[in-house]
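Colleague:
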Amino acid sequence: MEKENNRARSEAKKKLNDLVRALVAYVRKRDPRVVNHTSRLEEERAAKAAAAEAARRRKQAEYDSLRREEMSRRGAHWHSEEHAEVDALIDAYDEEETKGGRRRKGRRGRAGAGGRGE
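Sequence positions in the sequence shown follow UniProt numbering and run 1 to 118.
(1) Where does Arg58 sit, in a helix, a strand or coil, going by DSSP?
(2) Hey, would you say Val34 sits closer than 7 Å to Arg28, going by beta carbons?
(3) For Ser39, I'd like the list of residues in its chain whose CB is within less than 6 Å of its CB, leaving aside the five on either flank, ordered along the chain.
(4) Out of curiosity, what's the CA-to-CA distance linking Asp87 and Glu95?
(5) Could you spell out where the alpha helix (DSSP H) holding Arg28 opens and where it closes?
(6) DSSP three-state label for Arg108, please.
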């Protein structure tokens, strides 16, 4: 008998709790103070998100400008080094040509040998 009473009492408590929760939800939906508070919270959340996005964009723009500046600086430095290297190679090639004509080939590359054993 006690078990049945306890079970019935706990079921009645659950029903009452559910009913109270539903009533609180109903009242909250219609209370102007709660509506104002939630709308204010939403506006604050949107303002924070906009500020964070603006900060992210500003930081990205700063990073991009620094990167472009660094690339142009490195590009100019690399470009001057590359020109110096190319000029050195051209000078070496010119000296080789003016030195004394063709270079002689080794034993295998001699004219007339052709690999036929002549």
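Just so you know, even glycine gets a beta-carbon here, dropped at the ideal spot from N, CA and C.
Modeller: Walking through what the data contain:
(1) Here residue 58 refers to the residue found at position 58 of the sequence shown. DSSP places Arg58 in helix when its eight states are reduced to three.
(2) As a working mapping, residue 34 is identified with position 34 in the sequence shown. As a working mapping, residue 28 is identified with position 28 in the sequence shown. Contact: yes.
(3) Within the sequence shown, residue 39 is the residue found at index 39, counting from 1. The answer is none, since no qualifying residue turns up.
(4) On the sequence shown, position 87 is the one that residue 87 refers to. On the sequence shown, position 95 is the one that residue 95 refers to. C-alpha separation (whole angstroms): 12 Å.
(5) As a working note, residue 28 is residue 28 in the sequence shown. Here the alpha helix (DSSP H) through Arg28 covers Glu2 to Arg30.
(6) The residue given as residue 108 occupies position 108 in the sequence shown. Coil at Arg108, not helix or strand.
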